[in-house]
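Accompanying notes for the structure given below.
There are 4 protein chains.
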Amino acid sequence: MASNFKMKVGILGATGAVGQRFIQLLDGHPWFEVGVLTASDRSVGKRYGEACRWLLRGGMPETVAGMRLVPSEPGAIGADVQLLFSALPGSAAGDVEDALAEAGYAVCSNASAHRMDPDVPLLIPDVNPDHTGLIPVQRARRGRQGFIVCNPNCTTTHLVCALKPLQDAFGLASVNVVSMQAISGAGYPGVSALDILDNVVPYIGGEEEKVESEPRKLLGSLQGENVRMADFLVSAQCNRVAVRNGHLEAVSVKLERPAALEEVARAFTQYSSEPQRLGLPSAPDPAIILHNSEDRPQPRLDRLAGKGMVTQVGRLRPDPLFDYKFIVLGHNTIRGAAGGAILNAELLCAQGYLRRENAE
Amino acid sequence: MASNFKMKVGILGATGAVGQRFIQLLDGHPWFEVGVLTASDRSVGKRYGEACRWLLRGGMPETVAGMRLVPSEPGAIGADVQLLFSALPGSAAGDVEDALAEAGYAVCSNASAHRMDPDVPLLIPDVNPDHTGLIPVQRARRGRQGFIVCNPNCTTTHLVCALKPLQDAFGLASVNVVSMQAISGAGYPGVSALDILDNVVPYIGGEEEKVESEPRKLLGSLQGENVRMADFLVSAQCNRVAVRNGHLEAVSVKLERPAALEEVARAFTQYSSEPQRLGLPSAPDPAIILHNSEDRPQPRLDRLAGKGMVTQVGRLRPDPLFDYKFIVLGHNTIRGAAGGAILNAELLCAQGYLRRENAE
Amino acid sequence: MASNFKMKVGILGATGAVGQRFIQLLDGHPWFEVGVLTASDRSVGKRYGEACRWLLRGGMPETVAGMRLVPSEPGAIGADVQLLFSALPGSAAGDVEDALAEAGYAVCSNASAHRMDPDVPLLIPDVNPDHTGLIPVQRARRGRQGFIVCNPNCTTTHLVCALKPLQDAFGLASVNVVSMQAISGAGYPGVSALDILDNVVPYIGGEEEKVESEPRKLLGSLQGENVRMADFLVSAQCNRVAVRNGHLEAVSVKLERPAALEEVARAFTQYSSEPQRLGLPSAPDPAIILHNSEDRPQPRLDRLAGKGMVTQVGRLRPDPLFDYKFIVLGHNTIRGAAGGAILNAELLCAQGYLRRENAE
Amino acid sequence: MASNFKMKVGILGATGAVGQRFIQLLDGHPWFEVGVLTASDRSVGKRYGEACRWLLRGGMPETVAGMRLVPSEPGAIGADVQLLFSALPGSAAGDVEDALAEAGYAVCSNASAHRMDPDVPLLIPDVNPDHTGLIPVQRARRGRQGFIVCNPNCTTTHLVCALKPLQDAFGLASVNVVSMQAISGAGYPGVSALDILDNVVPYIGGEEEKVESEPRKLLGSLQGENVRMADFLVSAQCNRVAVRNGHLEAVSVKLERPAALEEVARAFTQYSSEPQRLGLPSAPDPAIILHNSEDRPQPRLDRLAGKGMVTQVGRLRPDPLFDYKFIVLGHNTIRGAAGGAILNAELLCAQGYLRRENAE
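Here the protein sequences come in this chain order: A, B, C and D. Residues 0 to 359 in numbering that gives the first Met the number 0 are what the first sequence spells out, letter by letter. Residues 0 to 359 in numbering that gives the first Met the number 0 are what the second sequence spells out, letter by letter. Residues 0 to 359 in numbering that gives the first Met the number 0 are what the third sequence spells out, letter by letter. Residues 0 to 359 in numbering that gives the first Met the number 0 are what the fourth sequence spells out, letter by letter.
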């Protein structure tokens with residue numbers, strides 16, 4: 000990306016909570032520039048500034064306020080855009096994303112619809128950058144030039160970023176995780192204040208299934224045209240707490256090989272991967288922060304470390320049942336959603352799956 | 000307790016958060032009547048109504064507002080009281096309770112100081128009512144007529160109430176628990192609002208050690224003059240959340256014998272024990288509530304079920320790593336603190352360790 | 000109401016937040032018994048237990064769980080019911096309530112649609128019990144046997160309950176009020192947690208207009224067939240805060256006649272009115288609680304005083320601009336909504352506008 | 000301040016909540032550099048990084064972590080520092096600040112002790128920059144070379160910043176204000192979570208007196224050696240709400256001269272004063288933001304506008320009792336405390352009361 004020409008990108012479902020994060024994070028991005036915003040029928044034709052109730056601090060970037068919302072359809076998006084970020088809600092995402100990939104677009108999706116499709120990369124650049132090898136498989140099998148790449152669920156993302164160094168160094172036998180998830184994960188309006196003030200809701204529909212299955216694909220190995228699932232087991236219990244942003248996870252792991260506490264700590268602190276090596280614009284550096292203070296990381300104090308892109312680990316200690324236990328904190332709508340999809344797109348650029356000259 | 004004569008009791012550390020709960024729960028109690036209130040030097044000599052910043056709904060009972068606070072010393076407490084409830088803070092409790100037991104008082108303590116002493120019953124009437132058999136041992140070993148009985152930590156209490164039916168029916172191999180604990184557990188003023196609003200604090204000093212050790216004594220067996228610790232292992236991760244009252248625990252258990260889901264459910268719903276059989280005034284009935292709704296129990300909606308004395312279980316389901324996982328909810332300052340100590344005292348009455356005629 | 004025969008009543012819009020309060024407050028009511036529940040098309044035909052996401056502590060009364068929901072139409076409600084409580088949302092309420100009054104029902108409405116109609120009593124039994132004199136006017140003008148009676152907005156209710164003793168004793172020249180209103184006032188799901196956690200929203204649509212206009216009708220005088228509006232002015236600024244229940248109002252008043260602080264205090268504490276005189280089942284007694292503590296009343300500690308039916312005043316002190324300032328606290332979904340409508344119906348019974356024999 | 004030499008400054012009471020804000024805001028300040036940190040006896044001798052529980056996002060600046068804490072005494076502070084920022088708690092501040100001014104230091108204080116002293120400037124550079132004319136008076140009267148300048152209470156600050164344009168343009172007859180104040184205003188640990196979760200506390204000790212008196216000095220005029228108090232009256236009711244940062248105030252004003260709504264709006268938006276004219280480093284520009292959206296400003300969304308230094312006004316509308324009503328939002332620990340004191344020091348530099356060459 001030597002020149003300073005920017006690639007025009009579109010955002011599908013731009014008015015929602017995740018759509019807004021895409022806009023915020025792409026404002027001033029060195030490689031990408033927002034060219035198209037899509038919305039549901041109710042908002043199509045309106046200007047973004049009218050249709051969107053902006054929820055984030057710092058205000059709506061002026062560059063998008065005047066843009067007219069178009070439908071999430073190939074004809075409406077146009078040919079000067081090659082890459083689409085999908086913030087579509089789960090139910091609608093599957094078919095729309097397929098139609099756009101058919102029409103030749105590269106779709107970096109935050110939706111869950113295609114995550115577990117065998118020929119769709121479920122991608123975290125820090126963890127499994129080689130899984131983009133599924134893109135040619137997907138193109139060939141589905142007979143299309145466009146393609147879909149998914150980032151995982153927000154809770155999965157940070158869990159797997161923390162597990163990867165352990166898998167590399169010691170092997171993983173089993174993982175238990177209990178999450179305390181922020182309200183922003185449910186979108187807007189999302190969680191009713193009456194449900195969460197002075198309360199914990201010990202259930203998030205569909206979440207535990209995702210957290211128990213996605214890590215095994217992410218930490219699996221690409222063998223020929225398929226990802227062979229990792230064979231450790233995950234058990235997840237997911238809870239909603241009265242926190243705005245930042246998912247906290249209490250994790251216990253059984254390793255395949257014995258490891259001293261210092262070795263485990265070093266595995267976290269020394270971990271570095273493709274995004275750091277390639278110097279991707281949104282890559283956190285270091286990839287993981289290990290806290291030494293006995294009561295950190297905490298959502299409010301630490302969620303914005305590394306601009307919300309870093310995975311944070313704390314309270315690492317031996318466990319009487321597993322081998323080690325620790326807590327993981329990560330920002331759920333930055334790295335866990337929009338930021339994760341953007342980092343995926345940056346990797347696709349670096350790997351040559353997206354070419355800026357194509358975009359013109 | 001056929002007559003309607005009430006036993007006069009004292010409350011040690013009456014002005015704090017747990018002390019207030021004792022007063023609230025003893026107001027109108029059919030067997031016990033508050034006769035003495037103790038406080039630290041700063042408050043001794045003042046009337047309770049002046050010295051205490053009352054935190055609970057419903058206001059301070061008028062019967063105590065005018066009582067003068069005395070020191071936590073035998074001479075000040077007097078001879079017309081036989082039974083003392085201890086809400087003393089952890090650091091001070093150990094020596095003071097010992098001195099009072101030396102002086103002949105029965106002390107039902109919520110403090111942690113003596114919980115793990117080999118000759119002190121760590122008691123939950125629903126779980127190990129026979130452990131009061133340590134009282135004669137304690138009297139003999141320490142050469143005193145008075146004695147100390149402890150109720151466990153608030154998180155331990157509800158965890159063990161839920162584990163007991165499983166231990167009885169299927170045996171327990173191992174237990175993993177991640178708690179989301181209410182702010183009232185830290186007393187008053189306790190948790191700063193700046194620390195918990197929009198946050199989770201993933202650390203509570205000393206808590207995990209208690210939750211990992213106390214269950215093994217509670218679920219151990221009294222053999223001669225000793226409690227033989229149960230041999231399953233517990234791993235605990237304790238977190239503070241922005242909830243006023245009600246500790247929620249995400250629990251996973253490995254059983255010793257295979258059990259179908261329905262059998263486990265039945266073990267919870269059919270569990271009944273000494274407090275129910277004896278009809279103790281503060282006994283919950285049923286002992287355990289099993290919720291079927293996928294998102295219950297929740298702290299705010301359910302913490303006052305069974306007047307805060309019942310342990311509630313929900314989301315019972317198979318676990319990929321352990322055998323079953325479920326959530327447990329219980330009120331931390333009622334059953335988990337003052338109410339637990341009062342139920343202990345009721346059992347002591349029913350078992351003859353406290354005699355009303357002695358009190359006169 | 001000497002006999003123990005109960006009048007069958009219906010609840011319009013029974014599944015919402017206010018509908019649930021009606022059900023909770025009518026459970027065990029000495030005069031009224033829920034016989035019919037209505038809901039919107041989406042829920043008609045379902046059992047209440049299936050259609051309603053119960054939000055209140057203590058669980059759904061068993062007597063209603065099995066009842067089938069019917070439409071809010073005369074034909075569906077049937078003839079064995081004479082009195083309907085309306086918890087209909089504002090937009091729908093006006094026409095539906097009129098149609099039901101046409102069909103002969105007495106409607107005690109919590110909706111705002113008809114509050115300011117000249118021939119509809121806007122009624123607080125403690126304040127203007129004689130305004131029921133508009134009922135014959137309404138019947139005559141509209142040529143119908145049924146009628147509508149409204150209770151005011153939740154913020155208005157407690158404000159006016161506090162102003163009435165001052166108006167009686169000293170006359171009112173002007174009133175300034177800034178409210179801090181609970182989230183339950185917006186219904187369910189109502190306020191998004193993302194909007195209110197760590198925030199205040201300084202705007203509630205339509206609220207200030209109601210609080211500035213309704214008090215003048217309530218404190219006006221019935222003259223012939225009309226209510227002559229009271230001629231003091233009210234200025235209101237309404238805010239939403241992160242409180243579950245209980246509206247707090249910072250009030251300043253200018254009186255028409257000079258009054259010493261003690262006289263004002265006495266006006267509050269000695270106030271008593273029709274509900275107390277008639278011994279209506281839901282009447283608070285005393286009508287008003289005046290707090291002396293410098294930091295009370297507070298929503299969490301005091302909102303359930305008097306079973307949520309009492310208006311509480313605190314921090315009474317002279318004001319440099321007006322004459323006096325004070326705070327007012329009241330429960331917004333009990334006295335401020337469902338409980339207010341029920342008290343209205345009790346007054347109608349006592350005044351003979353509802354006859355139990357008619358209901359049979 | 001043409002050269003890039005920085006003036007060394009000290010912070011009195013550096014470990015508390017306001018002390019931390021001073022450190023955060025001075026990190027990278029173009030004119031000032033932290034050279035000395037003082038603390039109470041308990042912390043003297045420790046390194047700042049050990050003694051301070053850091054509460055702010057972004058972590059403690061490394062430059063201060065290793066500094067040793069000294070007592071708040073002339074001998075300990077040393078001669079290479081000329082300017083001291085005082086974050087001392089109210090009770091201790093008065094005498095300590097006087098002793099330091101005696102010793103020749105310039106003290107910019109956030110404490111309330113000396114605010115109403117006739118010869119101490121109570122200073123907001125946007126409002127009354129000429130009140131620094133009291134400094135020579137103070138030096139002469141008290142026979143000392145050092146001096147004290149105070150910034151007002153956090154609630155007063157933003158109120159007065161909003162009132163100043165109205166006073167200039169139309170004159171002020173009276174002001175009513177009801178505040179909803181953030182918990183950070185009470186310091187750390189400050190407000191107990193048990194007091195504020197699901198609650199509003201309608202009382203803040205001493206606050207209303209400050210808000211009713213300080214504006215009259217700030218908006219008064221320096222005449223010879225005295226400030227003649229402005230003669231309008233203020234009535235204040237102060238409340239604590241569950242918000243981390245950002246005080247919201249519901250304000251009503253009576254003007255001396257009639258003004259159309261547009262004129263009032265223009266007075267806010269066009270207001271500019273000394274800090275903007277002088278280009279002081281911490282000056283907000285514009286001085287005031289006027290929101291047009293019906294529900295803004297809100298604490299969480301808007302408190303960091305203008306880096307927390309700007310005063311924000313919204314919901315400007317006519318008032319039935321006064322002339323206009325509106326809401327004011329401002330950050331309480333930035334502009335309302337540490338940032339206000341720093342802006343004062345910047346003005347003192349610009350006016351020549353602090354000379355960088357003196358500091359060497």
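Note that CB positions come from ideal geometry on N, CA and C, so glycine has one too. All figures in this text were calculated on a predicted structure; none of them were measured in a lab.
The C-alpha of ASN198 of chain C is placed about 10 Å away from the C-alpha of ARG302 of chain D.
Contacts with chain A (Cβ-Cβ distance below 8 Å) from the stretch 179 to 203 of chain C involve ILE182, SER183, TYR187, PRO188, GLY189, VAL190, SER191, ALA192, LEU193, ASP194, ILE195, LEU196, ASP197, listed in chain order. Residues of chain C whose Cβ lies closer than 8 Å to the Cβ of ARG243 of chain A are, in chain order, LEU193, LEU196, ASP197. Residue ranges of uninterrupted beta strand (DSSP E) with 3 or more members, entirely inside the stretch 68 to 148 of chain B and ordered along the chain, are 82 to 85, 105 to 108. Excluding its 5 nearest sequence neighbours in each direction, ASP118 of chain C has C-beta neighbours in its own chain below 8 Å: LEU133, VAL136, GLN137, ARG140, ARG141, GLU224, listed in chain order. Taking every protein chain shown into account, the CB of ALA86 of chain B has 16 or more other CB atoms within 10 angstroms, so this residue is buried.
When 8 Å is used as the limit between beta carbons, LEU54 of chain A is near these residues of chain C: LEU193, in chain order.
With the rule of 3 Cβ pairs closer than 8 Å, the stretch 176 to 193 of chain B counts as touching the stretch 148 to 168 of chain B. Think of a sphere of 8 Å around the beta carbon of ILE326 of chain A: the chain B residues whose beta carbon falls inside it are PRO201, GLN236, in chain order.
If the five residues before and after ALA100 of chain C are omitted, its C-beta is found closer than 7 Å to the C-beta atoms of VAL106, ARG143, GLY145, PHE146, ILE147, all from its own chain and listed in chain order. Judged by DSSP secondary structure, HIS290 of chain A falls outside any beta strand (DSSP E); it is assigned neither H nor E. Near chain B, meaning a CB-to-CB distance below 9 Å, the residues of the stretch 289 to 308 of chain C are ARG299, LEU300, ASP301, ARG302, LEU303, ALA304. Listed along chain B, no residue sits closer than 8 Å to GLY219 of chain A by beta-carbon distance, the nearest being about 17 Å off. The three-state secondary structure of HIS246 of chain C, taken from DSSP, is strand. With contacts defined as CB atoms closer than 8 Å, PRO201 of chain D and GLY278 of chain C fail to qualify as a contacting pair. Contact with chain C is absent for ASP230 of chain D, since none of that chain's Cβ atoms lies less than 8 Å from the residue's Cβ.
The Cβ atoms of ARG114 of chain A and CYS149 of chain A lie closer than 8 Å to each other.
The three-state secondary structure of ILE195 of chain D, taken from DSSP, is helix. DSSP assignment within the stretch 267 to 337 of chain C yields the following whole alpha helix (DSSP H) runs of 4 residues or more, N-terminal first: 273 to 277, 298 to 301. Residue nearest to ARG215 of chain D within the set D:ASP294, D:VAL190, D:LEU122, D:PRO274 is D:LEU122 (criterion: CA-CA distance). Apart from sequence neighbours up to five positions away, the residues of its chain that approach LEU196 of chain A with a beta-carbon distance below 8 Å are ALA241, ordered along the chain. Comparing alpha carbon positions, the residue from B:ASP230, B:SER251, B:ILE10, B:PRO29 closest to CYS348 of chain B is B:PRO29. Taking the Cα positions, ALA91 of chain D is about 27 Å away from LEU158 of chain D. For ALA16 of chain D, the enclosing alpha helix (DSSP H) begins and ends at 16 to 25.
A straight line joining the alpha-carbon of PHE325 of chain B with that of ASP94 of chain C spans about 49 Å. Taken atom to atom, the span from the alpha-carbon of GLN81 of chain B to that of SER191 of chain D is near 36 Å.
Contact between VAL174 of chain A and GLN236 of chain A fails: their C-beta atoms lie close to 12 Å from each other, not under 8 Å. Classified as exposed, ASP79 of chain B has fewer than 16 neighbouring CB atoms from the shown chains inside 10 Å of its CB. Within chain A, the residues PRO319 have their CB atoms less than 9 Å from the CB of GLU211 of chain B, given in chain order. Under the three-state reduction of DSSP, ARG256 of chain C is assigned to coil, being neither helix nor strand.
Scanning its chain for C-beta atoms nearer than 7 Å, with the 5 sequence neighbours on each side dropped, one finds around ASP284 of chain D the residues GLN275, in chain order. Counting only Cβ-Cβ distances below 8 Å, VAL240 of chain C has contacts in chain D at MET179, VAL199, VAL240, ALA241, in chain order. One thing to note: LEU83 of chain D has its Cβ within 8 Å of the Cβ of GLY9 of chain D. Note that the C-beta distance between LYS163 of chain D and LEU232 of chain D is not below 8 Å.
Distance from the CA atom of ALA168 of chain A to the CA atom of ALA286 of chain A, rounded to whole angstroms, is 16 Å. The beta-carbon separation of HIS330 of chain D and ASN238 of chain D, rounded to 18 Å, does not stay under the 8 Å limit for a contact.
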